[in-house]
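Presented below is the structure to which this report refers.
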Amino acid sequence: MARRAALKAVGVSHSFRDGRVLDEVSLEVAQGEWVALMGPSGSGKTTLLSILGGMLRPQGGHACVQWPSGVETHAASWVAWVLQTTTALGRRSVLDNAALGGLSDGLGSSLAADRAAETLDRLGLMGRADHRARDLSGGELQRLSIARALSSTRPFLLADEPTGQIDQSTSQEVIRAMRDACVDVGVLIATHDRLVAHECDRVLTLVDGRIGDAAT
Amino acid sequence: MPQPDRSSKWRLREVVGEGIRNAAHGGPRSLFLVGLLAVLAAVAVLAEATTLQSLRDEEVRLWREGSHVVVVGSEGGINGTECESLSESGAVEVSGAARRASGTGTVENLGGPEVTLTEGTVGVLAMGDRLAGSGSARVPPAVVLALPAADSLGVSGGEMLTIASDGTPELPVTVDEVRDLFYATNRYSTGVFSVVPAAGIFDTCFLLAAPGYLEIAKAQVSSLSVLPDHASDASIRLLLRTEDGVEQVRRRAESRVTRWGGLVAGIVAGLVWVLMMMLRRTESGLYRTLGVSFAELILLRLSEGFLLAVIGLGVAATAAGVVSLAMDIRGELFTHALTAMASVFLSVFVLIALLAGPLSWRGDMIRLVKDR
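First to last, the protein sequences are chains A and B.
When you line the first sequence up against this note's numbering, it's residues 14 to 229, in that order.
When you line the second sequence up against this note's numbering, it's residues 150 to 521, in that order.
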């Protein structure tokens, strides 16, 4: 099997004022692989995702995307996000919001809109495409956040509690839709939901700032 | 498979488009900003225009009282082309004989009726090449027009004369008419001219000079050999002193109004803009997670702010124009005020809007995104 690109954290450590959050954490998510990151609240899941996504500079170690050639690049431009909070441009349409993912990859307005429409359809939001984002419910906003990420063409996706505001049945539908849409995309999901974790290829647990047991 | 050297940055067009879409979908936020910008800009324009108007009114008053007068001009100057067209149109025609006050020249359209300059009555003194005696046809950058002693012709200060072809004075032309004529044609409104009572037969003397030529004109006046012998040095010195004084006042007043009006409006609008950007940090965080870089975020915000500022200025220009009409403010004063204010306002606003980029995404982005 040909070597694939991978999102890597190597010996990452980070502290906040109230103590150390990550302690020499290393992990790797290959392109096309689904990994769940579980752990109690405050265990550092979001911090680890932030560092992997290039949003936060670690105090120790480094994070990057390693390409098959061995070249390492900063991850920020290669990672799409599904955030824990349902952030959207409230006055803009649902389609506009979803298209931001494609625009961020330089697809151009019309191509980004086409791609966004396709993703919205897959997530059951096409009927709301013309509505303002602020009119959506919490669950719909979460799906919009996922649609925005999926409409990009990035090889990795970081999802922080993507189903936190969705009921369980919808949650499973959304995860399945994500699996359908994320072809050849490496996905790292921080979640408390065991059903979501069950959909992943690997499960990692983060306890006291360290990666604990791994399960498949 | 994406390649490591592939850029996933937003294209310039998309970044600017995103800023414009944000402005267009801003709803009450955009309306508030446009309204604020419009009010500030309109007030600044009107303050400028009314101040200029009052300066002009003061000039007329001074002129009426036979005192020294300054005319407030706008920016610009009389260049060679304009001078030539002036000459060709016959608006100002100066003959070599007239400049020595000993021949016949014609000054048309200055006082409405044609004024014929006859020996001993009116002298038109041309500066520049003509004074240097080169005989060039170039219309000079400065002109001195001297009228005969008012007392001897039975007119009071503040009035000009039309002089019939036989040399006798006809109906007086009022100062207002002369002023309107100068400004209406706008040919000399770019300069400064002054009227001083002079000794001897030359009771009244105009100095018209384009900006940049004033010093030359003054020097030429100081060394005029063509002035009548009995024009005293004192009168020339008076002219120069007055010229200096009023020009300084004019420049101080004009620059003060323009600078402060535009500056205050720009700063206030800019600070409000910065505040709104800081309140929208979550949105900036969202863009950051989408890979929008620092520079792109600034450009995005700048596009949004610039569009709103331009719309605000458009509204301000319309509102101030209507008020100016009602207040009977002269058109060119309004235009001057609008141009000066808009340039200062936009410069300041854009500078502050640039600051809003970094201010709106300080701190780590994850925290911003979560900060609702």
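Here a beta-carbon is modelled for each residue, glycine too, at the ideal position from N, C-alpha and C.
As the structure is a computational prediction, the values presented were derived from the model and not from experiment.
(Q) If you reduce the DSSP assignment to three classes, tell me which class H75 of chain A lands in. (A) By one-based count along the first sequence, residue 75 of chain A stands at place 62. Assigned with DSSP and collapsed to three states, H75 of chain A falls in strand.
**Q.** Within chain A, partners of G440 of chain B - CB distance below 7 Å
**A.** For the purposes of this step, residue 440 of chain B is identified with residue 291 of the second sequence, where counting begins at 1. The answer, in chain order, is A89, S90, S117.
Q | Neighbour flag for L435 of chain B against chain A, beta carbons, 8 Å | A | Sequence index remark: in the second sequence, residue 435 of chain B carries index 286 (1-based). Closer than 8 Å to the CB of L435 of chain B there is at least one CB belonging to chain A.
Q. Tell me, which residues are paired with A43 of chain A by DSSP?
A. Residue 43 of chain A sits at position 30 when you count from the first residue of the first sequence. Residue pairing by DSSP puts A43 of chain A in a beta bridge opposite A:A19.
Q. For Q44 of chain A versus G199 of chain A, is the C-beta distance shorter than 8 Å?
A. Reading the first sequence from its first residue, position 31 is the one you call residue 44 of chain A. Reading the first sequence from its first residue, position 186 is the one you call residue 199 of chain A. Their beta carbons are under 8 Å apart, which means Q44 of chain A touches G199 of chain A by this criterion.
Q. Expressed to the nearest angstrom, what Euclidean distance is found between the alpha-carbon atoms of L201 of chain A and L435 of chain B?
A. As a working mapping, residue 201 of chain A is identified with position 188 in the first sequence. As a working mapping, residue 435 of chain B is identified with position 286 in the second sequence. Taking the CA atoms as reference points, L201 of chain A sits about 19 Å from L435 of chain B.
Q. Taking C-beta to C-beta, are E37 of chain A and G73 of chain A nearer than 8 Å?
A. Within the first sequence, numbered from 1, the residue matching residue 37 of chain A stands at position 24. Within the first sequence, numbered from 1, the residue matching residue 73 of chain A stands at position 60. Closer than 8 Å, so yes.
Q) So with Cβ pairs under 8 Å, would you call R160 of chain B a contact of chain A? A) Mapped onto the second sequence, residue 160 of chain B falls at position 11. True, the Cβ-Cβ gap to chain A drops below 8 Å.
Q. Chain B partners of G114 of chain A, CB-CB under 8 Å?
A. Locating residue 114 of chain A in the first sequence gives position 101, counting from the first residue. Against chain B, the beta carbon of G114 of chain A has neighbours under 8 Å at L439, listed in chain order.
Q | Any C-beta of chain B under 8 Å from that of S182 of chain A | A | Here residue 182 of chain A refers to the residue found at position 169 of the first sequence. It does not: the Cβ of S182 of chain A has no partner Cβ on chain B nearer than 8 Å.
Q: For M476 of chain B, name the three-state secondary structure that DSSP assigns.
A: Walking along the second sequence from the start, residue 476 of chain B turns up at place 327. Shown here, M476 of chain B sits in coil according to DSSP, grouped into three states, outside any helix or strand.
Q) In this structure, does DSSP put S230 of chain A in helix, strand or coil? A) In this structure chain A extends from 14 to 229, so residue 230 of chain A is not present and cannot be described.
Q | chain A contact for R170 of chain B (CB, 8 Å cutoff) | A | Counting from 1 along the second sequence, the entry for residue 170 of chain B is found at position 21. Interface annotation, R170 of chain B: in contact with chain A, CB-CB separation under 8 Å.
Q) From A:A162, A:H144, A:A112, A:L217, pick the residue whose C-alpha is nearest to that of A194 of chain A; which is it? A) One-based indexing of the first sequence puts residue 194 of chain A at position 181. Relative to the Cα of A194 of chain A, the nearest Cα in the group A:A162, A:H144, A:A112, A:L217 belongs to A:A162.
**Q.** Residue interval of the beta strand (DSSP E) (run including L201 of chain A)
**A.** Counting from 1 along the first sequence, the entry for residue 201 of chain A is found at position 188. Here the beta strand (DSSP E) through L201 of chain A covers 199-203.
(Q) Using the Cβ count rule (16 or more neighbours within 10 Å means buried), how would you classify S182 of chain A? (A) Here residue 182 of chain A refers to the residue found at position 169 of the first sequence. Exposed, because fewer than 16 other Cβ atoms sit within 10 Å of the Cβ of S182 of chain A.
Q: Check each candidate in A:D118, A:S90, A:A142 and name the one with the smallest Cα separation from S106 of chain A.
A: Along the first sequence, read from residue 1 onward, the residue named residue 106 of chain A stands at position 93. Minimum Cα-Cα distance from S106 of chain A among the listed residues A:D118, A:S90, A:A142 corresponds to A:A142.
Q) Listed from N- to C-terminal order along the chain, which residues in the region 94-113 of chain A have their beta-carbon within a distance smaller than 8 Å of any beta-carbon of chain B? A) Listed in chain order, the positions of the region 94-113 of chain A with a beta carbon within less than 8 Å of a beta carbon of chain B are W94, L96, Q97, T98, T100, A101, L102, R104, R105, D109, L113.
Q: Show which residues of chain A have a CB atom less than 9 Å away from the CB atom of G175 of chain B.
A: For the purposes of this step, residue 175 of chain B is identified with residue 26 of the second sequence, where counting begins at 1. Residues of chain A with a Cβ closer than 9 Å to the Cβ of G175 of chain B are, in chain order, R104.
**Q.** For M309 of chain B, three-class secondary structure by DSSP
**A.** Within the second sequence, residue 309 of chain B is the residue found at index 160, counting from 1. Unreliable positioning characterises M309 of chain B in this predicted model, as indicated by a pLDDT of 36, which lies under 50. A coordinate reading is not provided.
Q.
For D214 of chain A, which residues in the same chain have their Cβ closer than 6 Å to its Cβ, ignoring the five residues on either side in sequence?
A. Indexing the first sequence from 1 puts residue 214 of chain A at position 201. E46, W47, listed in sequence order.
Q: Identify the contact partners of S122 of chain A in chain B, using a Cβ-Cβ distance below 9 Å as the criterion.
A: On the first sequence, position 109 is the one that residue 122 of chain A refers to. Chain order gives the chain B residues near S122 of chain A as R162, E163, G166, where near means a beta carbon separation below 9 Å.
Q.
Please classify G176 of chain B as buried or exposed, where buried requires at least 16 neighbouring CB atoms within 10 angstroms.
A. Taking the first residue of the second sequence as 1, we reach residue 176 of chain B at position 27. Exposed: under 16 other Cβ atoms inside 10 Å.
Q) For F29 of chain A, does the count of other Cβ atoms within 10 angstroms reach 16, so buried, or fall short, so exposed? A) In the first sequence, residue 29 of chain A corresponds to position 16, counting from 1. Here F29 of chain A is exposed. Its C-beta has fewer than 16 other C-beta atoms within 10 Å.
Q: Determine the contact status of A502 of chain B and G410 of chain B, defining contact as a CB-CB distance below 8 Å.
A: Position 353 of the second sequence, counted from the start, is the residue given in the question as residue 502 of chain B. Position 261 of the second sequence, counted from the start, is the residue given in the question as residue 410 of chain B. When the beta-carbon positions are compared, A502 of chain B and G410 of chain B stay at least 8 Å from each other.
Q: Check the Cβ-Cβ distances between E132 of chain B and every residue of chain A, and say whether any is below 8 Å.
A: Limits of chain B in this structure are 150 at one end and 521 at the other, which puts residue 132 of chain B out of reach.
Q.
Taking 8 Å as the threshold (C-beta atoms), are V194 of chain B and A118 of chain B in contact?
A. Look at the range of chain B in this structure, 150 to 521, and you will see that residue 118 of chain B is not part of it.
Q. In three-state DSSP terms, what is G225 of chain A?
A. In the first sequence, the residue the question calls residue 225 of chain A occupies position 212. Here DSSP, grouped into helix, strand and coil, assigns G225 of chain A to strand.
**Q.** Under 8 Å between C-beta atoms of L50 of chain A and K58 of chain A
**A.** On the first sequence, residue 50 of chain A is found 37 positions in, with the first residue counted as 1. On the first sequence, residue 58 of chain A is found 45 positions in, with the first residue counted as 1. Note that the C-beta distance between L50 of chain A and K58 of chain A is below 8 Å.
Q) Cβ of V493 of chain B versus every heavy atom of the ligand PLP: is any distance shorter than 7 Å? A) In the structure on display, the ligand PLP does not appear, and there are no ligands present to speak of.
(Q) Using beta carbons (cut-off 8 Å, strictly below), is T488 of chain B in contact with chain A? (A) In the second sequence, counting from the first residue as 1, residue 488 of chain B sits at position 339. False, the Cβ-Cβ gap to chain A never drops below 8 Å.
(Q) With distance defined between alpha-carbon atoms, name the residue in B:T431, B:A465, B:M476 nearest to A3 of chain A. (A) The displayed coordinates of chain A run from 14 to 229. Any statement about residue 3 of chain A would go beyond what the structure contains.
Q.
Closer than 8 Å is the cut-off here; do at least three beta carbon pairs connect the region 181-192 of chain B with the region 145-158 of chain A?
A. Counting C-beta pairs with one atom in each stretch, the region 181-192 of chain B and the region 145-158 of chain A have fewer than three that are closer than 8 Å, which means they do not touch.
Q: Could you list which residues in chain A have their beta carbon closer than 7 Å to that of T431 of chain B, in chain order?
A: The count along the second sequence starts at 1 and reaches residue 431 of chain B at position 282. Those are T100, listed as they occur along chain A.
Q: Identify whether W91 of chain A lies in helix, strand or coil by the three-state DSSP scheme.
A: Along the first sequence, one-based indexing puts residue 91 of chain A at 78. DSSP places W91 of chain A in helix when its eight states are reduced to three.
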